[in-house]
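Numbering (the working numbering), first residue to last: 56 to 151. Positions of the beta carbon are idealized from the N, C-alpha and C atoms, including for glycine. I have placed the structure first, in the form of structure tokens, so that the comments after it can refer back to it.
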Amino acid sequence: DGTGHHLSAAAIVGHDGSIWAQSSNFPKCQPKEITDIMKDFDEPGHLAPTGLHLGGAKFMVIQGEPGAVIRGKKGSGGVTIKKTAQALVFGIYEEP
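Below, the structure is given as structure tokens:
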């Protein structure tokens with residue numbers, strides 16, 4: 056991947072919050088977490104004041120691509136979320 060980060064968990068989640076696929080260690084998300092993420096895609100910056108929450112963990116929102124990609128940072132790891140026409144693709148990474 057060129058940056059020293061390695062994917063530790065991943066999921067594909069429908070816009071309605073339904074899990075389409077996930078790795079065994081992907082955190083259990085609350086409906087409000089997915090709703091807030093979807094709102095940030097519609098209103099970029101929505102998550103900035105409170106942070107991005109995923110499975111109860113809080114990530115600091117860092118620059119992504121408004122309406123297309125949300126990035127969050129937590130310690131030496133983080134999360135990248137890509138919005139497609141029907142789903143969200145999550146990748147959680149940790150620095151080795």
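Work out the CA separation of SER63 and SER79 for me, nearest whole Å. Counted from its first residue, the sequence shown places residue 79 at position 24. Counted from its first residue, the sequence shown places residue 63 at position 8. It is roughly 10 angstroms from the alpha-carbon of SER79 to the alpha-carbon of SER63.
Length of the line joining the Cα atoms of GLY57 and VAL134: Sequence index remark: in the sequence shown, residue 57 carries index 2 (1-based). Sequence index remark: in the sequence shown, residue 134 carries index 79 (1-based). Unreliable positioning characterises GLY57 in this predicted model, as indicated by a pLDDT of 49, which lies under 50. The coordinate reading is nonetheless provided below. Between GLY57 and VAL134, the C-alpha separation is close to 16 angstroms.
Specify the secondary structure class of LYS83 as computed by DSSP and reduced to three states. Position 28 of the sequence shown, counted from the start, is the residue given in the question as residue 83. In this structure, LYS83 counts as coil in the three-state DSSP scheme.
With a threshold of 8 angstroms, are at least 3 pairs of Cβ atoms found where one atom belongs to the segment 122-129 and the other to the segment 89-104? Segments in contact, yes.
Top-ranked residue by Cα proximity to GLY72, from GLY127, GLU88, GLY130, GLY106: The residue given as residue 72 occupies position 17 in the sequence shown. By alpha-carbon distance to GLY72, the top candidate from GLY127, GLU88, GLY130, GLY106 is GLU88.
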